[in-house]
Each structure stands twice: as structure tokens, then as C-alpha cells.
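Engineer: Per our numbering, the very first residue in the sequence shown carries number -12; after that it's consecutive. Here it is: the structure, laid out below.
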Amino acid sequence: MRRRDREVTDFETILSIIDECHVLRIGLSDGDFPYIVPLNFAYTVSGEQLSFYVHGAMAGRKYELMCKNRKCSFEMDIPLEMDCMADRKDVTMRYKCVMGTAEITFLEGEEKQNAIDHIIMNRYEQTRNFAYNKDRVAATAVARLTVTSLTAKVNPVRGGAD
């Protein structure tokens, strides 16, 4: 990381940034070019082991690439504001972001159902008690992304707590 002054290393602070994010983007290997996909996500922490949970159809480019290579990169961010600093004649974006790499494991059976019911559906207040169509679970891929490397960076608002 070039800007060490913006690096966030405290694990609890990194988790607080993740809590603020609504979209996880994963980068998958697809020949000469990466394939980047935005996803809704949920996560768990065991000690300092972070795992993301994502879901989708058991068909299509994303699913095929995840099956082909069980490794991905990921990114999530929160844009805070564009800062035009007239006194310095400089411009910067204020933001928070988390990036890293992960290993992909597809869940099956009871582990898959448990991840849907107790992790994914529990992420948002609106879905916690939502009676979803459980017949769709058989056709739904649920993947755990076990984080293997993690970095975070913040360019805070000047004079702010961010």
C-alpha cells in the first residue's frame, strides 16, 4: 500500500467499514481479463477469520468462473465526499474501502440452508423474518468466501470523525 498513512489495521475498525457497505465486488479469473461482479453479501467472524457469504443462480458466467477457479479478489467501498481544496488547488475523494483475496467454497445441504436462514437473511432488518420461497434453495448456489488477505484504507473527511 502506497499511502500507509491511510491504512487501517485495527480489525474491529475494518469490520465497522464492512458493516457500512452494501455491495461486495468480486474479481474472478476469466482468461486475459478479470470478471468483476457486484453482489449482496453477509459475513461471519470467528476469531479474526472473516468469511463472506454470497448467493446466486447455479448457472451463468459468475457461477462457471467460481467453479473453475476457487479463488477471487474482493472490494467494497463507501464514497464520503469529493473534496476540492481551494487553498491547495487540489482535489481528492474522501472514502473508506476494504479489499482482499478469498477462497471460494460452495455450501450444500444443511450448511447451505443454515447459511441462508441464519447468515444471509439475517444481514438486513427487512429480511430477518421474511418468509422466502424455500423451493428456490435447490437451484441457488451459496458460496462462502474465506478471506485469505485483507487490507483497508480510509481517506477521511477533513475535520470529521470518519
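Beta carbons: idealized from backbone N, C-alpha and C, even for Gly.
Can you give me the C-alpha to C-alpha distance between F(-2) and P143, rounded to a whole angstrom?
Structural biologist: The residue given as residue -2 occupies position 11 in the sequence shown. The residue given as residue 143 occupies position 156 in the sequence shown. In a straight line, the C-alpha of F(-2) is about 18 Å away from that of P143.
Engineer: By the DSSP assignment, the alpha helix (DSSP H) with K55 in it spans what residues?
Structural biologist: As a working note, residue 55 is residue 68 in the sequence shown. Looking at the DSSP string, the run of the alpha helix (DSSP H) that includes K55 is 48 to 55.
Engineer: Relative to the C-alpha of H9, which residue among L15, A44, K58, M63 is closest?
Structural biologist: For the purposes of this step, residue 9 is taken as residue 22 along the sequence shown, with counting starting at 1. Closest by alpha carbon: M63.
Engineer: In the DSSP assignment, find the alpha helix (DSSP H) that holds K99 and state where it starts and stops.
Structural biologist: As a first step, residue 99 is located in the sequence shown; it is residue number 112 there, counting from the start. That run of the alpha helix (DSSP H) goes 96 to 102.
Engineer: Pull up the CB-CB distance for F61 and I107, whole angstroms please, since I reckon it's below 8 Å.
Structural biologist: Indexing the sequence shown from 1 puts residue 61 at position 74. Indexing the sequence shown from 1 puts residue 107 at position 120. Not confirmed; about 16 Å, so no contact.
Engineer: Kindly confirm or deny that the stretch 129 to 137 and the stretch 90 to 98 touch, where touching means at least three C-beta pairs closer than 8 Å.
Structural biologist: Cβ pair count under 8 Å is three or more, so yes.
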